[in-house]
Structure formats: structure tokens, C-alpha cells
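S.K.:
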Amino acid sequence: MINYIFKNTNNSIAFYALKAARQLKISGASFRIIFDKEYDIFLQDNLVCDSFYTNSDRHIFDSFILKDNNVLLDFDLDFSISGFSCYEDYILFKLFDEEKNLDSLNISTKIDQKITVEQILQDNNRNNFSYVLFAPYNLDVDFNQIYTHNDLYYDASLRSFYTEHVEKICSYLTSKVNLITVLPSSNSINLNELSYLVQKSHFVISTLDIAHVLAVEYNKPCFVNLGRFTGYKPKNENVTIFDPERNNKKIIPSSFFAKDFETSLEYNNKILEYDVDLLQKEIINSLDKNQIAYQS
Amino acid sequence: MKTITLFDNSLTVLQYSDHLKNKQRWCEIVEDVKQTSVNTNNFNHSTVFESVPTLHMNNEFNKFIYSDEIINFCSKKAHDIILPRDKKFSCVSMWATFIPPYGQLLPKEHDGVFYGSFFLHSPPDSGMIAFHNDVSDLYYSKFGNTIHNEFNHNIQILNMPEGGIYIVPSFLKTGTTTNMSEHTNIQINFVLDIIQK
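Residue numbers (our numbering), protein chains in the order written: chain A, 23 to 318; chain B, 4 to 200.
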């Protein structure tokens with residue numbers, strides 16, 4: 023049984039929580055909702071009143087507060103850094119997203135496409151132990167036509183690696199590993215080929231795009247530069263998230279600190295734009311963490 | 004009658020449990036190492052290739068160094084030799100040895116405390132491992148021409164089973180017999196030393 027613990031709530035939160043709880047109850051899930059305050063709105067609803075508790079129910083609360091299957095919804099700090107703009111989205115994310123089981127992609131690769139990929143691997147073999155796939159620009163695919171195997175296209179507007187960084191990281195990683203780059207300048211790549219390439223690679227560095235989805239699908243260790251994307255929570259342990267701007271973009275400062283915040287944001291952006299060392303260090307740390315061999 | 008072991012020269016035999024899972028990947032890695040490093044074994048035998056001893060710094064071999072088998076061996080030996088609290092076992096060097104057809108690794112001593120061999124790829128008839136005792140041949144020749152065993156001969160020759168790990172004290176000279184197969188035998192050799200924590 024999952025326990026949803028609500029902290030720092032108010033009337034509108036209770037209303038959205040009730041809506042979500044009714045939806046959960048209809049789907050047949052067994053759960054408890056524990057609020058920090060008492061709300062009549064819950065007690066009046068016959069469907070979910072059995073699952074509703076407050077902190078004052080000490081005898082129940084103490085017995086399961088330390089268990090693993092608790093989901094904490096804190097509407098003070100956690101909500102403010104989660105990046106959600108309204109309570110409803112945050113509640114739905116916490117109550118439903120973690121239980122979703124996505125279907126597998128089932129992308130099949132033809133023999134001639136496999137030969138093309140094997141040739142790419144052979145061409146990039148510099149005896150540096152591991153194949154690392156580097157796809158810095160957003161690779162996009164129309165999900166309605168995913169099974170018709172259209173070519174991928176690059177969406178440069180959604181990039182999260184700076185162009186200068188890409189060149190530097192490429193030259194840095196080339197000496198360390200067998201780097202395979204998927205760049206707009208190289209030949210166009212097919213979804214099937216990319217799928218096979220991800221399977222044959224030992225590590226994937228990408229933005230939050232189809233390359234990352236495939237890496238998670240085939241359980242490959244991967245490194246994601248989030249850039250502008252927020253609120254992404256990987257289920258897989260071997261995913262490394264790089265998001266140095268997380269704190270700057272999500273915390274909303276009071277007016278008193280607004281000036282300092284703007285200054286620090288500007289300064290941090292300058293660092294991120296010109297200093298690629300942090301990114302390189304994080305990539306190497308991730309390789310170490312996932313025990314991927316590279317030239318020291 | 005009672006026999007007391009005065010000095011311990013014993014060989015520890017371990018079987019690496021994840022051998023089949025890791026064999027292909029490790030063969031790829033050592034092949035890359037062979038392509039990019041120099042042969043450090045010129046003075047022992049010209050045909051045998053030994054890579055530079057930095058393999059223990061490769062992430063992929065962390066799985067081997069921190070495997071249950073090696074950790075259990077170290078904890079048992081730490082108990083046997085009464086290791087002080089401020090010291091610990093550490094793998095200080097690791098290298099790959101390629102014994103080509105008709106190649107042979109000549110016997111030699113090693114640094115450190117324990118010397119280990121992990122048999123990554125052992126084709127049939129690819130030679131046997133030989134341990135040499137320091138006692139002179141003259142002593143053992145007095146026993147006459149008998150069937151050789153651990154009491155009457157200063158060389159012990161054993162099979163090299165794939166996936167097996169043999170660990171001996173590093174003062175024993177270790178080599179191999181000639182590889183009579185048509186394939187290369189690949190071993191991973193390592194040295195365990197005692198270092199300050």
C-alpha cells in the first residue's frame with residue numbers, strides 16, 4: 023500500500039488532491055492519503071473518506087512513516103524546486119507518473135543497416151576500449167510515425183550543448199574513448215540504425231531526446247545534459263543528469279534577493295558558456311561510476 | 004606421527020564466477036591494450052607479449068579486483084598472516100600476458116606479496132603453469148628417478164583451467180610450459196601487495 027504524505031497544504035491543494043484520489047480509487051489502487059491538517063471536503067466524499075488520514079492519527083502515522091513506499095508531497099520547498107507551475111500538475115506527477123509502465127519500442131534493424139553500423143564502429147575504433155555515442159543536438163522523430171522508420175531530423179533550437187562545447191568535448195573524448203558522433207554535418211542517420219548503434223555502444227551522451235530514450239530502453243549507461251528541460255526524473259540508476267542551471271532557474275527569490283539573484287544568474291551563465299571543464303569532469307565521473315573503460 | 008607446516012608456500016585456487024559473462028568484453032579490452040602498449044617482456048621471452056602493468060587502473064577490471072573471490076582471499080590471508088590494522092591488501096599492478104603458439108613464459112619472481120594469474124582464454128594444449136622452488140636441483144636429485152610429486156621435485160606443473168585464478172606467494176618463480184596449440188593463450192596477471200591504509 024502506498025502512502026501519500028501531504029505537507030504544507032491549503033484548501034485548494036485539498037481540492038486537487040481529492041480529484042486525484044478519486045481517480046486513483048476508481049482505478050483500483052490501494053493507498054492512504056495523509057494530510058497535515060483536517061479538511062471536511064475529504065470526510066464528505068464517500069469514495070475516498072476511508073483512505074484519508076491526518077497527522078493527528080498518530081497510531082497509524084507512526085507505524086508507516088519510515089517505510090520505503092511513502093511518497094512525500096511537500097508544498098513548500100519540494101514544490102518550488104520541482105518546476106511545476108500549478109498544484110494540480112505536481113499532484114498528478116507524484117500520484118500517477120511513477121506507476122506508469124511504458125511499452126517497449128520494438129524497433130527492428132535490417133541486416134544491411136546493421137552492416138552500416140558495424141562499419142561506423144570499425145571506422146571509429148582507435149583501440150580506446152569503449153564505444154561512446156555522442157549526440158549533442160536534439161534528434162527528433164515523429165512519434166506517430168515511429169514504426170514507419172522515418173529519418174531523424176536535428177532540431178538545433180532545442181540544443182542543450184553549446185556549439186563551442188561540442189567541439190571541445192569531441193576533441194577531448196576522442197583521445198579517451200572510441201567516440202562516435204552523431205552530428206548534423208555527418209551523414210543522415212535512420213532510427214533503426216540509431217537503435218542498433220545505441221545497442222552496440224557502451225555509453226551514450228545526449229540531450230533529452232530519442233537517443234536517450236533508446237539508451238534507457240536498452241539499459242545502457244547514459245549521460246544527459248538537460249539544458250532547458252526541467253522536472254525530469256530517471257527511473258534507471260545508470261543515468262547521469264547534468265543540470266548545473268537547475269538551482270538558478272527554478273528557485274523563485276523574494277524581491278529582496280532579486281538583484282543578487284540576477285547577478286549570480288548572469289555570472290553563472292558566463293561560466294557555463296565559456297567553461298567546459300565542469301562538463302568534461304562530470305562525463306569522466308559518470309564513466310567511472312558506470313565502470314566504462316577509457317584511456318587514462 | 005605428526006607433521007607440522009613450517010613455511011607456507013601453498014597455492015590458492017579460485018574460480019571466477021562471472022567469467023563467461025565478462026570474457027568477451029575483457030578479450031576486447033586486452034586486445035586494445037595489446038595494440039596500444041609496448042611489450043615489456045623482451046628479456047624473458049621474445050615471442051610472449053606482456054602489456055604494461057597498468058591494467059588495474061582500467062575501470063573494466065574493477066569488477067575483477069573487487070570480486071567476491073579476491074576479497075574473500077584477501078580477508079582470509081589477512082587473518083592468516085595477522086595483518087596489522089593500519090595495513091591492507093591492494094592490487095598494485097595488473098597486466099595481460101599473451102602466449103602465442105610455441106611461446107613459453109620463462110620462470111621469474113615478482114614484486115609484492117602475492118602473485119596471481121587469471122586464465123582468461125585457455126585453448127586446449129596451450130601449455131601448463133609451472134611453479135619453481137628455490138631449493139637446488141642437487142637436493143632433489145638424491146631422491147632418484149621417482150614419479151614427481153610435491154615432496155620429491157622442485158617444479159610443480161598444473162593445468163590452466165579457463166576462469167580459474169591461481170594465487171601464490173610472489174617469491175616463487177612462476178612460468179609456463181610451451182603453448183602447443185594453434186591459438187594464443189591469454190592470462191591476466193596481477194600482484195597483491197600490503198600497503199599503508
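For every residue, glycine included, the Cβ atom is placed at its ideal position computed from N, Cα and C.
Cβ closer than 8 Å: which chain B residues qualify as neighbours of A:Leu309?
M.R.: By 1-based counting over the first sequence, the position of residue 309 of chain A is 287. The contacting residues are Asn62.
S.K.: Taking the alpha carbon of B:Phe122 as the point to measure from, which residue in B:Gly178, B:Phe10, B:Ile189 has its own alpha carbon closest?
M.R.: On the second sequence, residue 122 of chain B is found 119 positions in, with the first residue counted as 1. Nearest to B:Phe122 by alpha-carbon distance, out of B:Gly178, B:Phe10, B:Ile189, is B:Ile189.
S.K.: Closer than 7 Å by beta-carbon distance: list the chain B residues that pair up with A:Phe64, in chain order.
M.R.: Within the first sequence, the letter at position 42 stands for residue 64 of chain A. By Cβ distance, chain B contributes nothing, its closest Cβ being about 51 Å from A:Phe64, past 7 Å.
S.K.: Threshold first: 3 residues or longer. Then list the beta strand (DSSP E) segments lying entirely within the segment 68-121 of chain B, N to C.
M.R.: 90-102
S.K.: Residues in the segment 20-43 of chain B with C-beta within 7 Å of chain E's C-beta atoms, listed in sequence order?
M.R.: Protein chains A and B are contained in the structure displayed, whereas chain E is not.
S.K.: For my contact list, A:Leu155 and A:Tyr26 are in at a C-beta cut-off of 8 Å; report their separation, rounded to the angstrom.
M.R.: Taking the first sequence and counting its residues from 1, the one referred to as residue 155 of chain A is at position 133. Taking the first sequence and counting its residues from 1, the one referred to as residue 26 of chain A is at position 4. At roughly 39 Å, the Cβ-Cβ gap does not stay under 8 Å, so A:Leu155 and A:Tyr26 are not in contact.
S.K.: Which residues does DSSP list as the beta-bridge partners of B:Pro126?
M.R.: Sequence index remark: in the second sequence, residue 126 of chain B carries index 123 (1-based). None; B:Pro126 has no bridge partner.
S.K.: Sort out for me which residues DSSP pairs B:Asp196 with in a bridge.
M.R.: As a working mapping, residue 196 of chain B is identified with position 193 in the second sequence. BP columns for B:Asp196 point to B:Ser93.
S.K.: Given a threshold of 16 other Cβ atoms within 10 Å of its Cβ, counted over all protein chains shown, does A:Leu124 qualify as buried or as exposed?
M.R.: The residue labelled residue 124 of chain A in the question sits at position 102 within the first sequence. Note that A:Leu124 scores a pLDDT of 48, beneath 50, so its modelled location is shaky; the value from the coordinates is reported in the next line. Around the Cβ of A:Leu124, a 10 Å sphere holds fewer than 16 other Cβ atoms; the residue is exposed.
S.K.: Against chain A, with Cβ distances strictly below 8 Å, would B:Lys80 count as a contact?
M.R.: Counting from one through the second sequence, the residue named residue 80 of chain B turns up at place 77. So no, B:Lys80 is outside the interface.
S.K.: Shortest alpha-carbon distance to A:Leu195 belongs to which of A:Leu99, A:Ser49, A:Ile306, A:Ser130?
M.R.: Position 173 of the first sequence, counting from 1, holds the residue named residue 195 of chain A. Minimum Cα distance to A:Leu195 is reached at A:Ile306.
S.K.: Buried or exposed for B:Lys5, please, with buried defined as at least 16 other CB atoms from any protein chain shown within 10 angstroms of its CB.
M.R.: Here residue 5 of chain B refers to the residue found at position 2 of the second sequence. Exposed, since its Cβ has fewer than 16 Cβ neighbours within 10 Å.
S.K.: Which residue marks the beginning of the beta strand (DSSP E) containing A:Asp96, and which one marks its end?
M.R.: If you number the first sequence from 1, residue 96 of chain A lands on position 74. From DSSP, the beta strand (DSSP E) with A:Asp96 extends over 92-96.
S.K.: Determine the contact status of B:Lys80 and B:Lys200, defining contact as a CB-CB distance below 8 Å.
M.R.: Working through the second sequence from its first residue, we reach residue 80 of chain B at position 77. Working through the second sequence from its first residue, we reach residue 200 of chain B at position 197. No; because the gap between Cβ atoms is not below 8 Å, this pair is not in contact.
S.K.: In terms of residue numbering, what span does the alpha helix (DSSP H) encompassing A:Ala237 cover?
M.R.: In the first sequence, counting from the first residue as 1, residue 237 of chain A sits at position 215. From DSSP, the alpha helix (DSSP H) with A:Ala237 extends over 232-239.
S.K.: Can you tell me which residues form a DSSP beta bridge with A:Glu259?
M.R.: As a position in the first sequence, residue 259 of chain A is number 237, starting the count at 1. According to DSSP, A:Glu259 bridges with nothing at all.
S.K.: Taking all protein chains shown into account, decide if B:Arg88 is buried (16 or more other Cβ within 10 angstroms of its Cβ) or exposed.
M.R.: For the purposes of this step, residue 88 of chain B is identified with residue 85 of the second sequence, where counting begins at 1. Burial call: exposed.
S.K.: For A:Leu248, collect the residues of the same chain with a Cβ closer than 7 Å to its Cβ; drop the 5 residues on either side in sequence, then sort them by chain order.
M.R.: Along the first sequence, one-based indexing puts residue 248 of chain A at 226. Closer than 7 Å at Cβ, skipping near neighbours: Ser182, Leu230, Tyr254, Ile263, Phe264, Asp265.
S.K.: Within 10 Å of its beta-carbon, does B:Tyr118 have 16 or more other beta-carbons around it, so buried, or fewer, so exposed?
M.R.: Position 115 of the second sequence holds residue 118 of chain B. When all chains shown are included, B:Tyr118 counts as buried.
S.K.: Listed in chain order, which residues of the segment 85-102 of chain B have Cβ atoms closer than 9 Å to some Cβ of chain A?
M.R.: none
S.K.: Residues of the segment 222-250 of chain A with a CB closer than 8 Å to any CB of chain B: list them in chain order, please.
M.R.: So the list is empty, because no residue satisfies the distance condition.
S.K.: Skipping 5 residues on each side, what residues in its chain have a beta carbon closer than 7 Å to that of A:Thr203?
M.R.: By 1-based counting over the first sequence, the position of residue 203 of chain A is 181. Excluding sequence neighbours, A:Thr203 sits near Phe156, Cys192.
S.K.: Quick one, which of A:Val220, A:Ser197, A:Asp58 has its alpha-carbon nearest A:Tyr75's?
M.R.: Indexing the first sequence from 1 puts residue 75 of chain A at position 53. The shortest C-alpha separation from A:Tyr75 is found at A:Asp58.
S.K.: Quick check on B:Ile32: does DSSP put it in helix, strand or coil?
M.R.: Numbered from 1 along the second sequence, position 29 holds the residue referred to as residue 32 of chain B. The answer is helix: DSSP assigns B:Ile32 an H, G or I state.
S.K.: Going by DSSP in three states, B:Tyr1 sits in which element: helix, strand or coil?
M.R.: Nothing can be reported for residue 1 of chain B: it is not among the residues displayed for chain B, which extend from 4 to 200.
S.K.: Given 8 Å as the limit, is there contact between the segment 161-176 of chain B and the segment 14-31 of chain B, that is, 3 or more CB pairs closer than that?
M.R.: yes
S.K.: For the segment 63-72 of chain A against the segment 30-41 of chain A, do three or more pairs of beta-carbon atoms, one drawn from each stretch, fall closer than 8 Å, so that the two count as touching?
M.R.: A contact is defined here as three or more CB-CB pairs under 8 Å, and the segment 63-72 of chain A meets this definition with respect to the segment 30-41 of chain A.
S.K.: When we look at the beta-carbon of B:Ser139 and count the other beta-carbons within 10 Å, is it buried (16 or more) or exposed?
M.R.: Counting from 1 along the second sequence, the entry for residue 139 of chain B is found at position 136. Answer is exposed; the Cβ neighbour count stays below 16.
S.K.: Residues of chain A with CB under 7 Å from B:Lys176, in chain order?
M.R.: On the second sequence, residue 176 of chain B is found 173 positions in, with the first residue counted as 1. Residues of chain A passing the Cβ test: none, with the nearest at roughly 31 Å.
S.K.: By how many angstroms is the C-alpha of B:His186 removed from the C-alpha of A:Glu121?
M.R.: Counted from its first residue, the first sequence places residue 121 of chain A at position 99. Counted from its first residue, the second sequence places residue 186 of chain B at position 183. Because A:Glu121 sits at a pLDDT of 48, beneath the cut-off of 50, its placement in the model cannot be relied upon, and the following sentence gives the value as read from the coordinates. Their backbone Cα atoms lie some 52 Å apart in a straight line.
S.K.: Under a Cβ-count criterion, where at least 16 other Cβ atoms within 10 Å of its own Cβ denotes burial, should A:Gln144 be classed as buried or exposed?
M.R.: One-based indexing of the first sequence puts residue 144 of chain A at position 122. Label assigned to A:Gln144: exposed.
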